[in-house]
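Peer 1:
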Amino acid sequence: MDMTPSPRTPPAGGVSPAADPAAAGAEPLLRLRGISKHFGAVQALYGVDLDLPAAQVTALCGDNGAGKSVLTKTIAGISQPDAGEMFWEGRRVHIRNANDSAALGIETVYQDLALADNLDIVQNMFLGRERLSHALLDEDSMERAAAETLASLRVTTVRSIRQPVATLSGGQRQAVAVAKAVMWNSKLVMLDEPTAALGVAQTRMVLDLIRRLKSHGLAVMVISHNLNDVFQVADRIAVLRLGRMVAQGALSAFDRQSVVDYMTTGTSSREPVTAGGERG
Amino acid sequence: MDPTQHAAETPVRDEPEPDESPDLTLAVVEVPAAIVARSLGQYLQAWWASVKSGDAGVLPVAIALIAVTVVFTIVSPNNVFLSPVNLVNLFDQSAVFIMLAIGEGFVLLLGEIDLSIGYVGAIGGIVAGLLVQPSPNWPWWLAIIAALVVCGAIGAIQGLIVTKLGIPSFVVTLAGYLFWFGVMIAILGTSGGVGVNSTVIDGQVALHGIVYSYIDPVIAWIGLVVIVALLGGAMWLRDAGRRRSGLVAPPVGLTIAKIVAVAVAGIAVVAICNIDRGKFLPIVGVPWVVPLVLIVLGAWTMLLERTQFGRHMYAVGGNPEASRRAGINVSRVRTLGFVLCSGTSGIAGIIYLSQLGGLTTNINGGQLVLYAVAAAVIGGTSLFGGRGRAIHGLLGGLVIGAIYNGLYLLGLPIQWQLIVTGLVLLAAVSVDSLSRRRAGGSLVRA
Chain A
709 MDMTPSPRTP PAGGVSPAAD PAAAGAEPLL RLRGISKHFG AVQALYGVDL
759 DLPAAQVTAL CGDNGAGKSV LTKTIAGISQ PDAGEMFWEG RRVHIRNAND
809 SAALGIETVY QDLALADNLD IVQNMFLGRE RLSHALLDED SMERAAAETL
859 ASLRVTTVRS IRQPVATLSG GQRQAVAVAK AVMWNSKLVM LDEPTAALGV
909 AQTRMVLDLI RRLKSHGLAV MVISHNLNDV FQVADRIAVL RLGRMVAQGA
959 LSAFDRQSVV DYMTTGTSSR EPVTAGGERG
Chain B
115 MDPTQHAAET PVRDEPEPDE SPDLTLAVVE VPAAIVARSL GQYLQAWWAS
165 VKSGDAGVLP VAIALIAVTV VFTIVSPNNV FLSPVNLVNL FDQSAVFIML
215 AIGEGFVLLL GEIDLSIGYV GAIGGIVAGL LVQPSPNWPW WLAIIAALVV
265 CGAIGAIQGL IVTKLGIPSF VVTLAGYLFW FGVMIAILGT SGGVGVNSTV
315 IDGQVALHGI VYSYIDPVIA WIGLVVIVAL LGGAMWLRDA GRRRSGLVAP
365 PVGLTIAKIV AVAVAGIAVV AICNIDRGKF LPIVGVPWVV PLVLIVLGAW
415 TMLLERTQFG RHMYAVGGNP EASRRAGINV SRVRTLGFVL CSGTSGIAGI
465 IYLSQLGGLT TNINGGQLVL YAVAAAVIGG TSLFGGRGRA IHGLLGGLVI
515 GAIYNGLYLL GLPIQWQLIV TGLVLLAAVS VDSLSRRRAG GSLVRA
């Protein structure tokens with residue numbers, strides 16, 4: 709693997725990372741090519757390539773400062789790349805702000821979940837997109853839709869859909885945040901450290917939830933430090949190190965040690981994996 | 115949790131997966147009783163459990179009202195506190211505190227505070243009073259609109275300074291407190307006051323009559339029946355409809371209890387006001403200020419609890435960052451909160467003008483604003499944002515009005531009134547803080 713930061717030209721549209729079965733087969737839902745981003749003198753991303761196929765869980769791994777957050781924010785439209793291209797369902801797109809990403813069907817569940825504790829589950833799920841009828845809130849319709857979404861995700865442990873989010877446990881809060889994200893016909897859901905603050909039972913609940921998203925045909929990107937979770941739930945793994953995509957491929961191409969190696973050194977002496985990003 | 119209950123209460127009724135382990139982590143706050151109880155008995159049980167866990171709900175304000183009433187009835191000369199004439203007087207005085215508390219509630223809900231509304235409200239009253247003087251002799255309704263526009267504009271200025279410059283509302287409105295005090299004195303000029311009386315000029319008669327003209331007893335009873343029927347009918351239809359379609363709804367008994375409570379309170383007020391309270395000539399009837407307060411209460415309750423803007427106010431008060439990410443214009447919501455606060459305080463100022471027959475530079479805007487904050491917090495609004503309803507201003511305003519009235523009846527000198535006010539404010543805020551701490555730092559209280 710070429711680790712020198714070579715000036716690169718964006719690859720032609722049709723080039724797909726060889727030996728990456730997910731990308732080689734069908735066009736992935738979202739394809740990033742050569743995404744670069746710098747903040748002042750600090751280069752955060754160097755020509756990152758990433759594929760997020762539908763109905764698959766892609767785990768984005770990397771140490772602190774590897775660029776996971778910047779990459780996520782770029783996809784979410786919160787931060788703009790300096791260079792590179794994004795293809796959504798094969799079509800080139802420019803995601804300039806959060807509204808653009810929402811319009812495409814991209815939703816992000818941040819680590820802090822962005823829930824208002826004083827509002828109930830329905831109110832949180834519809835926050836900012838309330839349904840109205842005759843200029844007043846249409847509570848009945850919102851409650852029905854929220855109940856349907858929660859049922860489809862098998863979130864059954866909450867006592868009442870009208871209880872304030874402050875009364876929920878950590879796992880339930882995560883479930884509500886995920887349900888909020890998938891309510892809007894979203895096609896790609898990005899989860900930032902979804903299990904970081906959870907106990908064993910709750911972690912299992914959230915991982916089940918991620919599998920259900922996948923079975924609903926959504927593309928899921930999970931940012932996680934926790935390799936246990938990654939190996940339980942992911943179909944594909946992408947490893948960032950110091951702003952470079954050092955490895956990307958099917959789960960079967962990795963084991964725990966190789967992921968750790970990629971995260972810490974950028975290479976692995978174990979199973980050969982074709983890096984999706986650095987084809988220098 | 116009783117597993118059979120769980121199945122009945124959860125609207126989501128999928129078969130639980132065999133591998134799905136129950137979420138054993140206890141949440142830090144009790145689930146509000148009204149949404150999980152299926153009967154009034156269960157509701158009371160659940161309510162008592164949440165009271166014991168530190169979530170006091172309306173209990174403090176109910177206890178405060180009863181305690182204040184009992185104490186002042188006993189200690190007031192000839193038990194005059196509970197006499198019809200004094201109770202009507204108490205409604206009039208409370209109306210000012212209620213309006214200020216409802217106004218303050220808007221900014222407290224956002225996690226902000228407005229220390230200027232005592233003098234801003236006074237400016238509202240003074241503007242209305244000046245506009246119904248022989249010159250320019252505006253009609254009363256135009257004078258009121260002008261006063262509210264002025265107050266709303268003041269709120270907009272302060273709100274924009276808070277949101278656009280990022281200066282804490284405490285500082286901005288403390289500056290506003292002094293600034294508008296000065297402006298008020300400047301407006302009043304050398305005369306030092308503005309008066310309205312019940313003779314000659316139509317506009318003055320109308321403003322004076324807010325407190326000192328009364329609704330015909332028969333019409334008051336008819337009005338009460340209509341209001342209770344409409345409100346009770348709406349509550350009943352809404353809850354029954356939700357119950358029928360399997361949505362979360364309070365138990366039947368609770369809906370009935372609420373309607374009965376509204377009816378009883380209404381009957382009590384109308385009955386008290388319809389007892390002859392005149393010394394020489396008969397005086398009967400509900401003062402117009404009572405329906406005025408109820409209209410404002412109803413309008414602001416609708417705004418807060420049934421509109422998208424109201425929902426966004428709660429969201430911004432609960433989690434501004436989440437609101438921003440949800441696409442809510444947080445600055446706009448905050449600024450409008452200050453506008454609503456100042457505008458409502460303008461209504462308080464006009465009622466005060468009517469009650470006193472005029473306003474002078476002696477008005478104590480500092481004490482008024484502290485009464486307003488105390489009333490809102492006693493009523494159940496949190497000082498820390500995210501929790502509060504318009505009705506809290508009404509309940510707390512009644513408590514503060516009763517204390518103010520009772521101390522006056524006792525003829526206590528001003529120093530004792532100040533000391534008691536300070537203690538009441540401290541007690542109210544302590545209850546708020548304690549309930550938050552025991553509830554695990556949460557913002558929620560039913």
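Chains as they are written, first to last, in the working numbering: chain A, 709 to 988; chain B, 115 to 560.
The beta-carbon is built from N, C-alpha and C at its ideal position, and this holds for glycine as well.
Every value quoted in this text rests on a predicted model; they were computed, and no experiment measured them.
(1) If I measure Cβ to Cβ from S977(A) and keep anything under 8 angstroms in the same chain, skipping five residues before and after, which residues do I get?
(2) Which whole runs of the beta strand (DSSP E) in the region 776 to 811 of chain A are 3 residues long or more, in chain order?
(3) Take K372(B) as the anchor and find which of S359(B), I389(B), L345(B) has the nearest alpha-carbon.
(4) Check whether the region 435 to 449 of chain B and the region 268 to 280 of chain B are in contact - that is, three or more C-beta pairs closer than 8 angstroms.
(5) Is L896(A) close to chain B, meaning its C-beta is less than 8 angstroms from at least one C-beta of that chain?
(6) So is A958(A) in contact with chain B if we call contact Cβ pairs under 8 angstroms?
(7) Distance, Cα to Cα, G499(B) vs V340(B)?
(8) I believe A904(A) touches Q819(A) by the beta-carbon criterion, under 8 angstroms. Please report the beta-carbon distance rounded to the nearest angstrom.
(9) Have a look at L840(A), D848(A), R799(A), R741(A) and flag the residue whose alpha-carbon is nearest the alpha-carbon of A354(B).
(10) Indicate whether at least one CB of chain A lies closer than 8 angstroms to the CB of E226(B).
(11) Let me check one thing: in DSSP terms, what residues is K745(A) bridge-paired to?
(12) Identify every residue that forms a DSSP beta bridge with A163(B).
(13) Classify A209(B) as helix, strand or coil using the three-state DSSP reduction.
(14) Taking contact to mean at least 3 C-beta pairs separated by less than 8 angstroms, is the region 838 to 858 of chain A in contact with the region 414 to 433 of chain B?
(15) Excluding sequence positions up to five away, which residues of its chain have a Cβ less than 6 angstroms from the Cβ of L812(A)?
(16) Of the residues R501(B), I465(B), I301(B), L470(B), which one's Cα is nearest the Cα of V210(B)?
(17) So, with DSSP's three-state summary, where would you put I465(B)?
(18) Could you compute how far the alpha carbon of Q247(B) sits from the alpha carbon of M213(B)?
(19) Take R425(B) as the anchor and find which of T369(B), R503(B), P364(B), P396(B) has the nearest alpha-carbon.
(20) Anything in chain A within Cβ reach of L328(B), meaning under 7 angstroms, just list it in chain order.
(21) Assuming A859(A) and L738(A) are in contact, meaning their beta carbons sit under 8 angstroms apart, how far apart are those beta carbons, in whole angstroms?
(22) Hey, how far is the Cα of N936(A) from the Cα of A148(B)?
(23) Can you name the residues of chain B whose CB is closer than 7 angstroms to the CB of E838(A)?
(24) For V189(B), does the count of other Cβ atoms within 10 angstroms reach 16, so buried, or fall short, so exposed?
(25) Could you have a look at G219(B) and say whether DSSP puts it in helix, strand or coil?
(26) Quick one: grab the DSSP three-state call for D228(B).
(27) Which stretch, first to last residue, makes up the alpha helix (DSSP H) that contains G494(B)?
(28) Mind checking whether I231(B) and G243(B) have CB atoms under 8 angstroms apart?
(29) If you check the beta carbons only, do A824(A) and S437(B) fall under 8 angstroms apart?
Peer 2: Straight from the coordinates:
(1) Reading the first sequence from its first residue, position 269 is the one you call residue 977(A). Answer for S977(A): D969, listed in chain order.
(2) Counting whole runs of 3 or more residues, the region 776 to 811 of chain A contains the beta strand (DSSP E) stretches 791 to 796, 799 to 801.
(3) If you number the second sequence from 1, residue 372(B) lands on position 258. If we check each option's Cα against that of K372(B), L345(B) comes out closest.
(4) Segments in contact, yes.
(5) Looking up residue 896(A) in the first sequence gives position 188. With 8 angstroms as the cut-off, L896(A) does not count as an interface residue toward chain B.
(6) Numbered from 1 along the first sequence, position 250 holds the residue referred to as residue 958(A). No, A958(A) does not count as interfacial toward chain B.
(7) Start at 1 with the first residue of the second sequence, and residue 499(B) comes out as number 385. Start at 1 with the first residue of the second sequence, and residue 340(B) comes out as number 226. About 35 angstroms.
(8) On the first sequence, position 196 is the one that residue 904(A) refers to. On the first sequence, position 111 is the one that residue 819(A) refers to. A904(A) to Q819(A), Cβ: 6 angstroms. Contact.
(9) For the purposes of this step, residue 354(B) is taken as residue 240 along the second sequence, with counting starting at 1. A check of alpha carbon separations from A354(B) across L840(A), D848(A), R799(A), R741(A) identifies D848(A) as the nearest.
(10) Start at 1 with the first residue of the second sequence, and residue 226(B) comes out as number 112. Chain A contact via Cβ: absent.
(11) By one-based count along the first sequence, residue 745(A) stands at place 37. Paired residue(s): L753(A).
(12) Looking up residue 163(B) in the second sequence gives position 49. Answer is none; A163(B) lacks a bridge partner.
(13) If you number the second sequence from 1, residue 209(B) lands on position 95. Helix.
(14) yes
(15) What you label residue 812(A) is simply residue 104 of the first sequence in a count that begins at 1. So the qualifying residues of the chain are W796.
(16) Indexing the second sequence from 1 puts residue 210(B) at position 96. Looking at the Cα atoms, I465(B) is the closest of the given residues.
(17) Numbered from its first residue, the second sequence carries residue 465(B) at position 351. Here I465(B) sits in helix by DSSP.
(18) Counting from one through the second sequence, the residue named residue 247(B) turns up at place 133. Counting from one through the second sequence, the residue named residue 213(B) turns up at place 99. Going from the Cα of Q247(B) to the Cα of M213(B) covers about 25 angstroms.
(19) Looking up residue 425(B) in the second sequence gives position 311. For the residues T369(B), R503(B), P364(B), P396(B), the minimum Cα distance to R425(B) belongs to R503(B).
(20) Walking along the second sequence from the start, residue 328(B) turns up at place 214. This sequence places Tyr at residue 328(B); Leu is not what is there. Neighbours of Y328(B) on chain A: none; closest Cβ ~34 angstroms, over 7 angstroms.
(21) Mapped onto the first sequence, residue 859(A) falls at position 151. Mapped onto the first sequence, residue 738(A) falls at position 30. At roughly 28 angstroms, the Cβ-Cβ gap does not stay under 8 angstroms, so A859(A) and L738(A) are not in contact.
(22) Residue mapping note: residue 936(A) aligns to position 228 of the first sequence, counting from 1. Residue mapping note: residue 148(B) aligns to position 34 of the second sequence, counting from 1. The C-alpha of A148(B) is placed about 41 angstroms away from the C-alpha of N936(A).
(23) As a first step, residue 838(A) must be located in the first sequence, where it is residue number 130. Under the 7 angstroms cutoff, chain B gives Q422, R425.
(24) Here residue 189(B) refers to the residue found at position 75 when the second sequence is read from its first residue. Burial call: exposed.
(25) Within the second sequence, numbered from 1, the residue matching residue 219(B) stands at position 105. Helix, per DSSP.
(26) Against the second sequence, residue 228(B) aligns to sequence position 114. D228(B): coil per DSSP, three-state reduction.
(27) As a first step, residue 494(B) must be located in the second sequence, where it is residue number 380. Per DSSP, G494(B) belongs to no alpha helix (DSSP H) and is neither H nor E.
(28) Numbered from its first residue, the second sequence carries residue 231(B) at position 117. Numbered from its first residue, the second sequence carries residue 243(B) at position 129. The Cβ atoms of I231(B) and G243(B) do not sit closer than 8 angstroms to each other.
(29) Here residue 824(A) refers to the residue found at position 116 when the first sequence is read from its first residue. Here residue 437(B) refers to the residue found at position 323 when the second sequence is read from its first residue. Yes, the pair counts as a contact, with Cβ atoms nearer than the cut-off.
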